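> Just so you know, the protein sequences line up as chains A and B, in that order. Sequential numbering of the first sequence, starting at 1, is according to the working numbering. Sequential numbering of the second sequence, starting at 1, is according to the working numbering. Even glycine gets a Cβ: it sits at the ideal position worked out from N, Cα and C. From a predicted model like this one, the values you see are computed outputs, not experimental measurements.
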Amino acid sequence: MPTINMLQAINQALDIAMAEDDKVLCFGEDVGGFGGVFRATSHLQEKYGKARCFNTPLVEQGIIGFANGLAAQGSVPVAEIQFADYIFPAFDQIVNETAKFRYRSGDLFNVGGLTIRAPYGGGISGGLYHSQSPEAYFAHTPGLKIVVPRNPYEAKGLLLAAIRDPDPVLFFEPKRLYRASTGEVPEEDYQLPLGEAEVTKEGADITLLGWGAQMEVIDRAVEMAEKDGVSCEVIDLRSILPWDEDTVAESVLKTGRLVITHEAPRTGGFAGEVAAAIQERCFLYLESPIQRVTGIDTPFPLTLEKEYLPDHLKIYEAIKTSLHY
Amino acid sequence: MTTTAQTHRPDFLSGDEYSIPTYAVLSQDGTLHDGAEGPDLERDKALRIYHAMVATRVLDERMMAAQRQGRLSFYMQCTGEEAAVIGSAAALDDADMIMAQYREQGALAYRGFSFDEFMNQLFGNELDYGKGRQMPIHYGSRKLHYMTISSPLATQIPQATGYAYGQKLAGEGLCTIVYFGEGAASEGDFHAALNMAAVHEAPVIFFCRNNGYAISTPSVEQFAADGVAPRALGYRMHVIRVDGNDVLAVYRATEKARRLAVEENKPVLIEAMTYRLAAHSSSDDPSGYRSRKEEDAWRAKDPIRRMQLWLETHGWWSEDEEKALQDELRREVLETMKRAEKRPPPAIDTMVTDVYADVTPALQHQLDALKQHVRRYPEAYPRGARSLDPALSHGDADQGGD
C-alpha cells in the first residue's frame with residue numbers, strides 16, 4: 001500500500017467520489033484552479049471541469065446557503081470552509097437550515113447530500129483565528145453529524161462515508177496533521193463507519209479518549225505512562241455527533257478510569273458531555289473522577305500556544321492524577 | 001418606499017447603463033494627466049506621505065525576508081498598495097478612526113507608529129500592545145486611532161458604520177475610514193454595513209482596495225459586476241473609483257469623501273484600483289495562479305516610483321535624499337528587529353487577562369494549575385517558564401498603546 005499524507009488521502013477521497021457520481025461537486029474559496037490553500041482539492045477542476053469544482057466568492061454564509069440549496073435539489077455538495085475559524089458567518093445556514101431541513105419539512109426535503117469540510121485546530125502558530133476547534137458549538141445541534149479523522153487512512157474512509165451518508169456531515173480536518181501525518185492508505189474505494197468509535201489500543205488500567213489531532217498526543221502520553229507500568233486503553237471517538245457511548249462505556253466499565261482530551265476550551269467542551277454520559281452509565285464502576293485535559297477558557301493564544309495546548313505532558317499528569325486518586 | 005415613474009413596457013435594465021470611470025491625476029512619469037488638477041498638498045505633507053510609503057515598503061521587504069529566514073512566523077506585505085492606503089489615510093484628520101483589514105500597515109506608519117512598535121507586535125514580545133496573542137501584522141493603537149486587526153474578513157465593515165454613527169452623535173467632527181479588499185466585499189457584512197450607513201447617515205468612508213486577488217481567486221471570479229463601486233448606487237451612497245496607484249487621486253478623492261462624511265453625514269464608497277504585487281501572505285505562492293508577466297506589468301505602475309517622480313518635478317526630492325532615506329530606514333528596521341527579537345515573551349499571567357475585564361475565579365484557578373504544571377516541566381515550556389523564573393523576568397509591559 002502506498003504511503004501518503006492526510007491531504008493526499010482527502011484528495012483521493014474527493015477524486016473517487018467525483019469520479020463515481022456526477023452529482024458530487026467541490027467548491028469553496030480558492031478551491032478551484034488553485035486546489036485550495038492547503039491543496040486538498042488539487043487537480044479536481046482539471047479532471048472534472050469548472051462546473052463541478054470551482055472557486056466561490058468570499059462569503060461563507062453564501063457557500064453554505066448555496067450548498068444547502070444544491071443538496072435540497074439532489075446534488076451532492078462538498079463545500080470547503082477555508083478555516084474552521086471562519087465557519088461562523090455560515091452558522092445560521094448550518095444550525096437553522098442544514099440541521100433542520102429534514103425535520104421541519106416532515107422529510108419532504110432534506111440536505112443529506114451535504115458535506116462541509118473545514119480544517120481545524122492549533123499547533124501551527126495560527127493565533128486566535130487559525131486555531132480553533134469549534135466542534136462543541138455544532139455538537140449542540142441535533143440533525144448534524146460531526147466527524148474528525150486522526151490519520152490519512154481514517155480521513156479517506158471517513159470522508160467517503162460522509163459524502164455518501166444520507167445526513168449532512170461536518171468534517172473537521174486536523175490541519176496540523178495535513179502533511180505531518182503519513183500512513184499506508186489503500187488506493188481503492190473504502191468506507192469507515194460514522195457514529196462508531198475505535199479502540200486503537202487495548203489496556204486494563206485506564207481509558208484515554210480523544211479525536212483528531214489529539215490522538216497522536218494521547219499516544220505520546222501513553223508511551224510515558226506505560227513506562228510506569230500503566231496499561232492504557234485508547235479510544236478515538238471519530239464521530240462527535242452522534243457519538244458512540246457504548247464503546248466508551250464498555251471500556252470504562254472495564255478500566256474504571258477515564259481521561260478525555262480536546263484542544264477546545266474546557267467549559268462547554270465536548271468532554272463535558274462525554275463525562276456526564278459516562279458517569280450516568282458507569283457510576284459504580286468509576287475508581288476516580290473523570291479527568292478532562294483541554295484548552296483553558298480563553299481565546300486561542302499565539303506566543304504562549306505551547307502553554308495553552310493540552311499536550312502529552314498534561315495528559316500524562318492527568319493519568320497519574322486519575323490513578324493516584 | 002420608492003417614488004418612481006410608471007412604465008407600461010417590460011423593459012429590464014442590465015446595469016450596463018451605468019459606467020463608473022476611474023479618477024486619475026498623476027501619470028507614471030510623475031506629471032499630471034491632461035486636464036487633471038493636483039490636490040492642495042504642501043511640501044511637508046507630501047514628504048510625510050512619501051516617507052510613510054517608503055518606510056512601509058522597506059519594512060515589508062525586510063520582514064518578509066525575516067519570515068523566510070524563520071525569524072518570524074508569518075508576514076503580509078502592503079507592496080503595490082502603498083498609495084491607496086497612505087494617500088487615503090493622509091487625507092483624514094489624524095484623530096479619525098481607522099478600521100483596517102490587515103494589509104494597511106502603511107496607514108499606521110503614516111500616523112507615526114514606530115518601527116519598535118511594529119516589531120514588538122511582529123515578534124509578540126512583552127511590549128506588544130496585543131500581548132503576543134495575535135499573529136504578526138495584527139497591529140492596533142489606541143493613541144493613533146487604529147483599531148486592532150481581526151483576521152476574520154469584513155467583520156470590521158459594519159463595525160465601522162456603528163463607530164462612525166457614534167462619532168456623529170458625539171459631535172466631534174470626526175469620521176471612520178474602513179479598509180477592505182474586493183474579496184472581503186463579498187461577505188454579507190459588507191452589504192449590511194453599506195445599507196446601515198446609508199440608512200443611518202453615518203460619517204464613514206468605505207475604502208475598497210481592489211487589488212485583483214483574494215488569495216488565488218481573481219476578481220473576475222469574485223463578482224460578475226464591474227468591480228465593487230456600482231454596489232453603492234443600490235444603497236444610494238456616493239461613490240468614486242480611483243486609480244489606487246495614484247497617490248494624488250487617492251488623496252483628493254478621500255479628502256472630498258471626508259467632507260461629505262463629516263459635513264453632510266453622507267457615507268462614501270471609494271474603490272481604489274490597484275494590485276497586490278506580493279504574495280497574499282508568507283504562506284502563499286502566487287506563481288500557482290498568476291503570471292510573472294502580469295506582475296511585471298503592474299510593477300511598472302509602482303505607486304512609490306510615481307510619487308517620487310512627482311516630488312522631483314517640484315524639486316522637493318532628489319536621488320541623494322532617496323538613497324539617504326532608504327539607507328536610514330533599512331538600518332532602523334534591522335536595529336529595531338534585533339531589539340524586539342531579544343525581548344522576552346509576555347508573562348504567563350497574560351494568558352488569562354482581558355478575557356473579561358477582571359480575571360474570573362475559575363480562570364485564576366486554571367492559570368494556577370497551569371503554572372504548577374509549567375514549574376514541573378520547565379524545559380517543555382521555555383516561554384512560560386521564563387516568566388515564572390524571577391531571575392529571567394523583565395519589567396512589566398509598556399502600556400503605550402493606550
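Is the CB of Ile296 (chain A) under 8 Å away from at least one CB in chain B?
It does; some Cβ of chain B falls within 8 Å.
> Based on the DSSP secondary-structure assignment, which residues constitute the bridge partners of Ala118 (chain A)?
According to DSSP, which records beta bridges pairwise, Ala118 (chain A) is partnered with A:Phe172.
> Out of B:Asp116, B:Ser150 and B:Arg386, which one is the CA nearest neighbour of Leu334 (chain B)?
Closest by alpha carbon: B:Asp116.
> Please name the residue, chosen from B:Ala83, B:Asp243, B:Leu153 and B:Val262, that lies closest to Gln167 (chain B) on a Cα-to-Cα basis.
The shortest C-alpha separation from Gln167 (chain B) is found at B:Val262.
> With respect to the alpha helix (DSSP H) encompassing Cys282 (chain A), which residues constitute its N-terminal and C-terminal limits?
Looking at the DSSP string, the run of the alpha helix (DSSP H) that includes Cys282 (chain A) is Phe270 to Cys282.
> Please report the residue range of the beta strand (DSSP E) in which Met99 (chain B) lies.
Here the beta strand (DSSP E) through Met99 (chain B) covers Met97 to Met99.
> Using a Cβ distance threshold of 8 Å, determine whether the region 340-356 of chain B contacts the region 119-128 of chain B, with at least three qualifying pairs required.
Yes: at least three Cβ pairs fall under 8 Å.
> Sort A:Val148, A:His324, A:Thr115 and A:Arg150 by Cα distance to Pro166 (chain A) and report the nearest one.
The shortest C-alpha separation from Pro166 (chain A) is found at A:Thr115.
> Would you tell me roughly how many angstroms separate the C-alpha atoms of Leu174 (chain B) and Ala164 (chain B), rounded to the nearest one?
Each residue's Cα considered, the two are about 8 Å apart.
> What would DSSP say about Tyr285 (chain A), mapped onto helix, strand or coil?
Correct three-state label for Tyr285 (chain A): helix.
> How many angstroms separate the CA atom of Phe180 (chain B) from the CA atom of Ala272 (chain B)?
The alpha-carbon atoms of Phe180 (chain B) and Ala272 (chain B) are separated by roughly 10 Å.
> Tell me, please, which residues DSSP counts as bridged to Pro218 (chain B).
Pro218 (chain B) is bridged to B:Tyr213.
> Hey, how far is the Cα of Gln372 (chain B) from the Cα of Gly157 (chain A)?
Taking the straight line joining both Cα atoms gives about 41 Å.
> When you compare only the Cα positions, how much space is there between Ser393 (chain B) and Val293 (chain A)?
The predicted position of Ser393 (chain B) is uncertain, since its pLDDT is 48 and thus under 50; a value taken from the coordinates is nonetheless stated next. Distance between the alpha carbons of Ser393 (chain B) and Val293 (chain A): 28 Å.
> Closest to Leu160 (chain A) by CA distance: which of A:Lys306, A:Pro299 and A:Glu20 is it?
Of the candidates A:Lys306, A:Pro299 and A:Glu20, the one whose C-alpha sits nearest the C-alpha of Leu160 (chain A) is A:Glu20.
> List, in order along the chain, the chain B residues whose C-beta lies closer than 8 Å to that of Gly126 (chain A)?
Those within 8 Å of Gly126 (chain A) in chain B are Met135.
> Under 8 Å between the Cβ atoms of Ala214 (chain B) and Leu58 (chain A)?
Yes; because the gap between Cβ atoms is below 8 Å, this pair is in contact.
> For Val37 (chain A), would you say it is in contact with chain B, using Cβ-to-Cβ distances shorter than 8 Å as the test?
At least one chain B Cβ lies under 8 Å of Val37 (chain A).
> Between the Cα of Asn68 (chain A) and those of A:Leu170, A:Leu177, A:Ile296 and A:Ala225, spot the shortest distance and give me the residue it belongs to.
Ranking the options by Cα distance to Asn68 (chain A), first place goes to A:Leu170.
> What runs of the alpha helix (DSSP H), each 4 residues or longer, lie entirely inside the region 228-289 of chain B?
Those alpha helix (DSSP H) runs which fall completely within the region 228-289 of chain B and span 4+ residues are 231-234 and 247-264.
> Please compile the residues from chain B whose C-beta is within a distance smaller than 7 Å of the C-beta of Gly33 (chain A).
Within chain B, the residues near Gly33 (chain A) are Tyr289.
> Which partner residues of Val76 (chain A) appear in the DSSP bridge assignment?
Answer is A:Val24.
> Is the number of C-beta pairs between the region 135-153 of chain A and the region 4-22 of chain A that are closer than 8 Å three or more?
These segments touch.
> Under 7 Å, CB to CB, which of the residues in the region 268-297 of chain A have a partner in chain B?
Within the region 268-297 of chain A, the residues whose Cβ lies closer than 7 Å to some Cβ of chain B are Ile296 and Asp297, listed in chain order.
> At the level of alpha carbons, what is the spacing between Leu323 (chain A) and Ala385 (chain B)?
Whole-angstrom Cα-Cα distance: 27 Å.
> Report yes if the CB atom of Pro230 (chain B) is closer than 8 Å to the CB atom of Ile20 (chain B), and no otherwise.
Yes. Within cutoff.
> Name the chain B residues that come within less than 7 Å of Asn55 (chain A), Cβ to Cβ?
Near Asn55 (chain A) (Cβ distances below 7 Å), the residues of chain B are Thr217 and Glu221.
> Evaluate Ala415 (chain B) with the Cβ neighbour count: other Cβ atoms within 10 Å of its Cβ, from every protein chain shown; 16 or more gives buried, anything less gives exposed.
It is not possible to answer for residue 415 (chain B), since the shown part of chain B is limited to 1 through 402.
> Mind checking which residues open and close the alpha helix (DSSP H) that includes Thr350 (chain B)?
Thr350 (chain B) -> no alpha helix (DSSP H), and no H or E assigned at all.
> Could you name the residues of chain B that Leu313 (chain A) contacts, counting a contact when the two beta carbons are closer than 9 Å?
Chain B residues near Leu313 (chain A): His373, Arg376, Tyr377, Ala380 and Tyr381.
> Spatial neighbours of Ala278 (chain B) within its chain, please: C-beta separation below 6 Å, excluding the five flanking residues on both sides.
Gln77 and Thr79.
> Check whether the Cβ atoms of Val274 (chain A) and Val234 (chain A) sit closer than 8 Å, and answer yes or no.
In this structure, Val234 (chain A) does not lie closer than 8 Å to Val274 (chain A) by Cβ.
> So, is Met64 (chain B) buried or exposed, given that buried needs 16 or more other C-beta atoms within 10 angstroms?
When all chains shown are included, Met64 (chain B) counts as buried.
> Can you round the beta-carbon distance between Tyr316 (chain A) and Ala225 (chain A) to whole angstroms, since I take them to be within the 8 Å contact cut?
Yes, they are in contact, since the Cβ atoms of Tyr316 (chain A) and Ala225 (chain A) sit about 6 Å apart, within 8 Å.
> When the cut-off is 8 Å and only beta carbons count, does Gln366 (chain B) lie next to chain A?
It does: the Cβ of Gln366 (chain B) has a partner Cβ on chain A nearer than 8 Å.
> Anything in chain B within Cβ reach of His130 (chain A), meaning under 8 Å, just list it in chain order.
Those within 8 Å of His130 (chain A) in chain B are Met135 and Ser151.
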